[in-house]
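So the structure is just underneath, and the comments pick up after that.
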Amino acid sequence: MLCLCLISAGFNTPPLAAGYFIAQQKALEAKVKAEQALLGTTAMRLVAEGGTMTSVLRPGGTIQGLFKVLAGHQIVRSANTDEALQIEYLKLNHLIFVKENLAEISSAAFNLDGKRIVSVDWDHALRLWEVFEV
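Here it is in structure tokens:
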């Protein structure tokens with residue numbers, strides 16, 4: 348009698364399998380929402396940490412703080428991360444240029460007084476960099 352009811356109603360699978368499929372879909376949706384929430388939280392944490400670093404309220408350096416804000420913006424692009432980038436631009440717009448080294452650096456170190464950096468490229472070129480506080 349039960350089989351006749353299922354066939355006449357147009358079901359091809361038993362009710363338990365359909366319930367399992369629905370539960371599996373709901374679990375997948377919950378997992379996606381949790382991952383999105385984690386990404387959003389991570390982005391906002393990076394933006395907040397980066398902002399305090401560029402304001403010299405937290406150790407780590409201005410450039411490192413800016414990289415954190417940019418990383419947060421890359422993870423989640425939202426009104427909050429856009430605003431954080433605008434704030435950093437206003438704080439750092441006096442920065443004229445950042446010197447770029449095109450070779451891959453194999454290692455780098457600060458000297459003891461923190462005013463110079465020495466770097467070694469993979470082609471064994473040794474470079475000395477002056478550190479300027481922003």
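Residue numbers (this note's numbering): 348 to 481.
Virtual Cβ for every residue (Gly too), placed ideally from N, Cα, C.
Note that the structure is a prediction, hence the values are computed from the model and not measured.
Closest residue to residue i among the options (Cα-Cα distance)
i              : options                        : result
leucine 439    : Gly412, Ile422, His420, Gln421 : Gly412
isoleucine 452 : Ile464, Leu459, Asn458, Asp460 : Ile464
glycine 422    : Ile369, Ala390, Gln433, Leu375 : With the sequence shown as reference, residue 422 is identified as isoleucine, and glycine is not the correct amino acid for it. Checking every option, the nearest Cα to that of isoleucine 422 belongs to Ala390.
alanine 395    : Val379, Gly408, Val416, Gln383 : Val416
tryptophan 476 : Ala384, Leu386, Lys462         : Lys462
Buried/exposed call for residue i, threshold 16 Cβ in 10 Å
i             : result
histidine 471 : exposed
threonine 388 : exposed
alanine 456   : exposed
Own chain partners of residue i with C-beta closer than 6 Å, once the 5 adjacent residues on each side are dropped
i             : result
arginine 474  : Ser466
leucine 353   : The pLDDT assigned to leucine 353 is 46, lower than 50, so where the model puts this residue is not dependable, and the model offers no usable value.
glutamine 371 : none
glycine 397   : Gly412, Lys415, Val416
Beta-carbon proximity list for residue i, same chain, < 8 Å, skipping 5 on both sides
i           : result
proline 406 : Met400
Residue i: CB within 7 Å of a non-hydrogen atom of the ligand GTP
i              : result
tryptophan 469 : The ligand GTP is absent from the structure shown, which contains no ligand whatsoever.
Quick check on the DSSP output: what are the complete alpha helix (DSSP H) runs of length 4 or more inside the segment 364-448, in order along the chain? 409-422, 426-439
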